[in-house]
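Undergrad:
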Amino acid sequence: MPRKRATIREVAQATGLSPAAVSYALRGLQVSEETMERVRAAAAELGYEADPIARALASGRTGMIGLLCGSLEDLWQQSLAVGISRGLREKDRYALILDAFGDPARERALAQQLRDQRVDGMIVQPIDPAAAFWPELCESLPVVAIGDSIAGTAGEVVFDNRSGVTLALEHLRALGHRRVAVLTSTQASTPDRPADVYVTAEADRLELDIEVTTAPLGLAGATAAAHELLSGDKPSAVFCFADSIAYGVYAAAQELGLSIPGDVSVMGYDDHPMSGLLSPGLTTVDWDIDGIVRAAVRLISAAADGGARRRRVMQKPTLRERGSVARVP
């Protein structure tokens, strides 16, 4: 039979304190360090654990942070979710991870579901940052956006996509590439994502001939899209807005008997740990995922605790040169 949960009254009896004093000591409030240590030792000996339901009712907080991922088929977003979940745990919070599967309508439904479940806050990497529902939702729930800016958030960790796109395209141009295919997961229904806007503008500035094509983030879908692209009059380089999409280009090239970078150069955009293990290693743009995790956890924790000032962190990119991009003969 499971042992009965020890109560706060039992901890109070063991320490000779009132239940209120024990509650303060367990939360580190209004008592001496000696009292806190004595209460926590007694609680550990008795096996006392705070009842999460009672704590939520008393404080109005659940300790849960919603983490809404655009698509967990993207391996980089998987790594992001793992890092944020661990970071929140260190803050004595828990992540409720939901996957929008790349669907803007599902993203909206899940965001509203998290609000209705009364999570203390939400971290989102938005599929559709310009969607009309975000400002209203942000009025009722602290939201921190990752990647792209959303109106009304409590904080955001945004990517300097202009610099990231410029780094990638200037690198390709310096090596003689003039015809570049761009593979993006952005759908026609969500055309306002900054990276996709900047790539067209930068290509015009650099006098590059680019063709932007939608590709799924999952390996099978990305491989199929890349297979179609490389089967015809192929470009000299493919720039992918996710390393997960670039892995599909590798797979398609192998199916077609093409060499990387001999027949086609490939570039990614987020430096997933797997990218350095490929042969050849994938040249990509690194956004410092550890820094993103730390900033997002810090911002949502402050917002969930009542911090009112909106904060914005801008992530700067770094080009990771490996062997997947070659000079055009």
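For the sequence shown, our numbering assigns the number -12 to the initial residue and increments by one for each residue that follows.
Every residue, glycine too, gets a C-beta built ideally from N, C-alpha and C.
Does residue 198 come out as helix, strand or coil in the three-state DSSP assignment?
TA: As a first step, residue 198 must be located in the sequence shown, where it is residue number 211. DSSP places residue 198 in strand when its eight states are reduced to three.
Undergrad: Excluding the five sequence neighbours on either side, which residues of its own chain have a C-beta within less than 6 Å of the C-beta of residue 288, listed in chain order?
TA: If you number the sequence shown from 1, residue 288 lands on position 301. These residues qualify, in order along the chain: 78.
Undergrad: Mapping the DSSP letters down to three states, classify residue 153 as helix, strand or coil.
TA: Translated into the one-based positions of the sequence shown, residue 153 becomes position 166. Correct three-state label for residue 153: helix.
Undergrad: Note down the Cα distance separating residue 310 from residue 254, rounded to an integer number of angstroms.
TA: Sequence index remark: in the sequence shown, residue 310 carries index 323 (1-based). Sequence index remark: in the sequence shown, residue 254 carries index 267 (1-based). Cα to Cα, residue 310 sits roughly 10 Å from residue 254.
Undergrad: By the 10 Å Cβ neighbour count, where 16 or more other Cβ atoms means buried, how is residue 105 classified, buried or exposed?
TA: Taking the sequence shown and counting its residues from 1, one reaches residue 105 at position 118. By the neighbour-count rule (16 or more Cβ atoms within 10 Å), residue 105 is not buried but exposed.
Undergrad: So residue 252 is in the alpha helix (DSSP H); what residue range does that whole segment cover?
TA: Taking the sequence shown and counting its residues from 1, one reaches residue 252 at position 265. No alpha helix (DSSP H) contains residue 252, which is instead part of the beta strand (DSSP E) from 252 to 254.
Undergrad: How close, in whole Å, do the beta carbons of residue 116 and residue 141 come, if the pair is a contact with beta carbons under 8 Å?
TA: Walking along the sequence shown from the start, residue 116 turns up at place 129. Walking along the sequence shown from the start, residue 141 turns up at place 154. Not quite, the Cβ-Cβ distance comes to about 15 Å (not below 8 Å), so this is no contact.
Undergrad: Buried or exposed for residue 28, going by 16 or more other Cβ atoms inside 10 Å?
TA: Taking the sequence shown and counting its residues from 1, one reaches residue 28 at position 41. Under this definition residue 28 is an exposed residue.
Undergrad: Is the region 196 to 214 touching the region 233 to 251 in the sense that three or more CB pairs, one from each, lie closer than 8 Å?
TA: The region 233 to 251, when compared against the region 196 to 214, does touch it at the 8 Å Cβ threshold.
Undergrad: Inspect the CB distances between the region 185 to 202 and the region 247 to 265 and report whether three or more fall short of 8 Å.
TA: The region 185 to 202, when compared against the region 247 to 265, does not touch it at the 8 Å Cβ threshold.
Undergrad: Examine the Cβ distances between the region 256 to 265 and the region 119 to 126 and report whether three or more of them are shorter than 8 Å.
TA: As far as the Cβ criterion goes, the region 256 to 265 does not touch the region 119 to 126, which means the pair count is below three.
Undergrad: Which ranges would you report for the beta strand (DSSP E) in the region 71 to 99 if only whole runs of at least 3 residues count?
TA: Counting whole runs of 3 or more residues, the region 71 to 99 contains the beta strand (DSSP E) stretches 81 to 86.
Undergrad: Using the three-state DSSP reduction, which class does residue 131 fall into: helix, strand or coil?
TA: Against the sequence shown, residue 131 aligns to sequence position 144. Looking at residue 131 - three-state DSSP - the assignment turns out to be strand.
Undergrad: Give me the DSSP bridge partner(s) of residue 298.
TA: Position 311 of the sequence shown, counted from the start, is the residue given in the question as residue 298. In DSSP, residue 298 forms a bridge with 142.
Undergrad: Can you grab the Cα-Cα spacing for the pair residue 268 / residue 218, in whole Å?
TA: Here residue 268 is taken as the residue at index 281 of the sequence shown, counted from 1. Here residue 218 is taken as the residue at index 231 of the sequence shown, counted from 1. Cα to Cα, the separation comes out at about 23 Å.
Undergrad: For residue 121 and residue 138, I'd like the C-alpha separation in whole angstroms.
TA: Residue 121 sits at position 134 when you count from the first residue of the sequence shown. Residue 138 sits at position 151 when you count from the first residue of the sequence shown. The alpha-carbon atoms of residue 121 and residue 138 are separated by roughly 7 Å.
Undergrad: Going by C-alpha to C-alpha distance, which of 99, 107 and 89 sits closest to residue 113?
TA: For the purposes of this step, residue 113 is taken as the residue at position 126 of the sequence shown. Of the candidates 99, 107 and 89, the one whose C-alpha sits nearest the C-alpha of residue 113 is 89.
Undergrad: Return helix, strand or coil for residue 240, following the three-state DSSP convention.
TA: Counting from one through the sequence shown, the residue named residue 240 turns up at place 253. Three-state result, residue 240: helix.
Undergrad: When DSSP labels each residue in this structure, what does residue 102 get in the three-state scheme?
TA: Taking the sequence shown and counting its residues from 1, one reaches residue 102 at position 115. Here residue 102 sits in helix by DSSP.
Undergrad: Does the count of Cβ pairs from the region 61 to 80 and the region 272 to 289 closer than 8 Å reach three?
TA: Yes: the two stretches touch, three or more of their Cβ pairs being nearer than 8 Å.
Undergrad: Out of curiosity, what's the CA-to-CA distance linking residue 40 and residue 49?
TA: Residue mapping note: residue 40 aligns to position 53 of the sequence shown, counting from 1. Residue mapping note: residue 49 aligns to position 62 of the sequence shown, counting from 1. In this prediction, residue 40 has a pLDDT of 49, which is less than 50 and means its spatial position is unreliable; nothing more can be read from the coordinates.
Undergrad: Just to confirm the assignment, what range does the beta strand (DSSP E) spanning residue 110 have?
TA: What you label residue 110 is simply residue 123 of the sequence shown in a count that begins at 1. 108 to 111 is the span of the beta strand (DSSP E), which, as asked, contains residue 110.
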